[in-house]
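In the numbering used here, each residue's number is its place in the sequence shown (first place is 1) plus 2. The C-beta atom is built at its ideal place from N, Cα and C for all residues, glycine as well. Please read these numbers as outputs of a predicted model, since none were measured by experiment. The structure appears below as structure tokens.
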Amino acid sequence: MALDGNSLKLMLGGILKDQLRQLSLLNCQRLEEFSALSLCTCLTQLDIEKSKALNDEALKGLAQHGRLRIVRINECPKVHDDGILSIVSGCTALKELELIKCSGISCELFSNVKAFSNSERFERLSLSGCETITNNSIKQLICSIKLNKLQQLDLSQNMNLDDSVLEMLKGALEKAKNLNRESKLVLTVCCTGTGITRQLISKYEPLMEIVFY
Numbered sequence: 003m004a005l006d007g008n009s010l011k012l013m014l015g016g017i018l019k020d021q022l023r024q025l026s027l028l029n030c031q032r033l034e035e036f037s038a039l040s041l042c043t044c045l046t047q048l049d050i051e052k053s054k055a056l057n058d059e060a061l062k063g064l065a066q067h068g069r070l071r072i073v074r075i076n077e078c079p080k081v082h083d084d085g086i087l088s089i090v091s092g093c094t095a096l097k098e099l100e101l102i103k104c105s106g107i108s109c110e111l112f113s114n115v116k117a118f119s120n121s122e123r124f125e126r127l128s129l130s131g132c133e134t135i136t137n138n139s140i141k142q143l144i145c146s147i148k149l150n151k152l153q154q155l156d157l158s159q160n161m162n163l164d165d166s167v168l169e170m171l172k173g174a175l176e177k178a179k180n181l182n183r184e185s186k187l188v189l190t191v192c193c194t195g196t197g198i199t200r201q202l203i204s205k206y207e208p209l210m211e212i213v214f215y
């Protein structure tokens with residue numbers, strides 16, 4: 003039997019309510035609403051894939067608990083900037099944010115510097131297949147999030163991005179390294195399916211490892 007909104011509410015509102023730490027809902031095309039997520043007071047990891055029903059209100063209901071550390075959202079077109087910003091601003095321990103082929107995300111996602119003011123714990127960020135993301139979006143990203151712990155940035159499958167993105171990242175990483183000369187962190191940037199070229203990637207070492215999977 004396919005999981006529906008009522009079944010999800012019964013499951014998450016029962017004995018799991020104060021115990022559930024991780025929730026994965028994959029290939030959940032038939033799940034028509036996600037308001038039950040607000041019942042998950044202790045959830046630290048959320049994975050949702052291929053849902054036409056997941057929306058900003060459901061994410062806001064979950065973000066109010068402030069526990070999320072890992073959020074992975076894949077092919078959920080009704081997720082917009084507001085929902086993601088509520089998670090980023092409300093969950094100060096967030097270390098991984100994965101947005102894959104989320105068509106509702108706009109090029110202005112990172113323009114809200116205040117929402118990202120607690121982003122110093124970010125270790126991994128994926129914007130793979132979010133085709134509205136532009137060079138200027140990455141410029142805003144660099145101004146909004148702290149790069150001192152970021153280990154992986156996935157920009158794959160976005161032809162709006164070109165080599166200027168790497169130049170911007172290089173400048174920001176050099177600045178961060180000057181502030182903390184003991185840091186040995188190397189940022190891995192995935193550039194598959196973008197307008198970024200391979201010819202001069204060696205010039206960005208050792209600050210960045212540029213990969214084309």
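- Pairing N160 with T194 gives a Cβ-Cβ distance that is not under 7 Å.
- When DSSP states are grouped into helix, strand and coil, D83 belongs to the helix group.
- The straight-line gap separating the alpha-carbon atoms of S166 and N137 is approximately 7 Å.
- At the C-beta level, L41 and K19 come within 7 Å of one another.
- DSSP places N29 in no alpha helix (DSSP H); its state is neither H nor E.
- Scanning the stretch 55-126 for uninterrupted beta strand (DSSP E) segments of 3 residues or longer gives 72-76 and 98-102, listed from N- to C-terminal end.
- In the structure shown, I198 falls within a coil segment according to DSSP collapsed to helix, strand and coil.
- T190 is a Cβ neighbour of E211, given a cutoff of 7 Å.
- Contact between V81 and F118 does not hold, since their C-beta atoms are separated by about 17 Å, which reaches or exceeds 8 Å.
- Note on geometry: alpha-carbon atoms of L25 and L5 lie some 14 Å from one another.
- L171 and L143 have their C-alpha atoms some 10 Å from each other.
- Going by C-alpha positions, L28 is about 38 Å away from G173.
- Under the DSSP assignment, C42 falls outside any beta strand (DSSP E); it carries neither an H nor an E label.
- In this structure S204 is exposed. Its beta-carbon is surrounded by fewer than 16 other beta-carbon atoms within 10 angstroms.
- In the DSSP assignment, M170 falls within the unbroken alpha helix (DSSP H) covering S166 to L181.
- Within the same chain, Cβ atoms closer than 8 Å to the Cβ of C109 are found at T134, I135, T136, N138 and S139, the five residues on either side in sequence being excluded.
- Around R74, the same chain offers D49 and E100 as residues with beta carbons nearer than 6 Å, after the five sequence neighbours per side are excluded.
- If you draw a 10 Å sphere on the C-beta of S9, you find fewer than 16 other C-beta atoms in it, and that means exposed.
- Inter-residue distance for A178 and C145 is about 12 Å (C-alpha atoms, whole angstroms).
- Assigned with DSSP and collapsed to three states, N160 falls in strand.
- Bounds of the beta strand (DSSP E) holding L189 are L189 to C192.
- DSSP, read as helix, strand or coil, puts L48 in strand.
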